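Numbering (this note's numbering), first residue to last: 22 to 333.
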C-alpha cells in the first residue's frame, strides 16, 4: 500500500479538480447566500423606502389639506371683515345723511319762524303807520283812541297802588277829563272817574300788555284788542275772592292751583263814540272775553262757570 504520511488516506480522492470544484461550489453557495441576503436587505430597504415615501406623501397631502382649510378660513374671515366694514361705512353714511336732513330741517324751521316774525312785525308796523297817518290827518276820534291806549299802557307799567285814586292812573284820569265829555259813558256808569274805575280790573293782573290791533274809521271807532295777563294769588283774591274763601273748605282748591301763575290771552274790543258837538269822546266801552281762556285752562265748562259764579 502506497500512502504518504502527510496526506490523508483518501487524498487520492481529493484531487485538485475535485477540491477546486468543491471550493467553487462553496464559493457559489456563499455568494448565493450573500446575494440572497443582499437582495433581501435591498428588498427590505426598498419596502421601507416605499412605506416611508407613502407616509411622506400622505403627510404632505394632509399638510396641504390643512393649509388649504386654514387659507379658506382666513379668506372667509377676511370676507366677513370686509362685509362688516362696508356695513359700518353704509351705516355711517346713512347717519350722516339723516343728520344732514335734520340739520337742514332745523335751519328751515328757524328760517320759517324768522320769516313769520318778520311778517308779523311788518303787519304790526303797517297797522301802526296807518293809525299814525289817520291821526295826523285830523284831530278826531282816531287821535283820541290812539292816545287813550298809549296812556293806558303807560299806566299799566307803573308800580301798582292800593286803589284807583293812586298815581298809577292819574295820567289816564287827566287824559280822560281832557278828551271826554263830562258825562262820558263807560261800563261803570257816567263820568271820567267811572271810566277809570272800569279799568281797575287790569290792576289785579300781573304783566298786562294790551295791543291795539285794528281800528275802523268813522265817528264810531271799534278797536280790536289783545290783552296778555298773568293770574296771581292776589288776582284771585281781588277778582275771584269766592275761590280763595272756599279753598279753606277744600271745594275749590284744585281750581286755585290750576289758575295761579297761569298766563291768559284775552281778545276784546274797545268802542269809541265821538261827539261832534262837544268835539270830545261821548263813550268808551271796553269788552274782553275772559271765559274762553279760562275754559282752555280748566278744560271743563262746569269749572269755568264756577269761577265766574259769584263775580260782579
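Just so it is clear, CB atoms sit at the ideal spot from N, CA and C, and this is done for glycine as well.
The model shown is predicted, which means the values in this text are computed figures rather than measured ones.
Over the uninterrupted alpha helix (DSSP H) stretch that includes residue i, give me the two end residues.
i           : result
residue 198 : 191-200
residue 256 : 254-260
residue 220 : It is not in any alpha helix (DSSP H) - residue 220 carries neither H nor E in the DSSP assignment.
residue 279 : 274-280
residue 326 : 322-328
residue 311 : Per DSSP, residue 311 belongs to no alpha helix (DSSP H) and is neither H nor E.
Where does residue i land, buried or exposed, given buried means 16+ other C-beta within 10 angstroms?
i           : result
residue 315 : buried
residue 329 : exposed
residue 169 : buried
residue 305 : buried
residue 309 : buried
residue 299 : exposed
residue 207 : buried
residue 97  : exposed
residue 319 : buried
residue 231 : buried
residue 233 : buried
residue 91  : exposed
residue 136 : exposed
residue 311 : buried
residue 177 : buried
residue 200 : buried
residue 113 : exposed
residue 101 : exposed
Can residue i and residue j be called in contact, C-beta distance under 8 angstroms?
i           : j           : result
residue 219 : residue 326 : no
residue 166 : residue 261 : no
residue 197 : residue 229 : no
residue 193 : residue 172 : yes
residue 202 : residue 302 : yes
residue 313 : residue 244 : no
residue 281 : residue 323 : no
residue 265 : residue 276 : no
residue 213 : residue 205 : yes
residue 191 : residue 225 : no
residue 162 : residue 242 : yes
Looking at the unbroken beta strand (DSSP E) that takes in residue i, where does it start and where does it end?
i           : result
residue 161 : Per DSSP, residue 161 belongs to no beta strand (DSSP E) and is neither H nor E.
residue 289 : 284-296
Taking only heavy atoms of the ligand FMN into account, decide whether any of them is closer than 7 angstroms to the Cβ of residue i.
i          : result
residue 94 : The ligand FMN is not part of the structure shown, which contains no ligands of any sort.
Touch check for the stretch 239-259 and the stretch 275-288: three-plus C-beta pairs under 8 angstroms? Taking 8 angstroms as the limit for Cβ pairs, the verdict is that the stretch 275-288 does touch the stretch 239-259.
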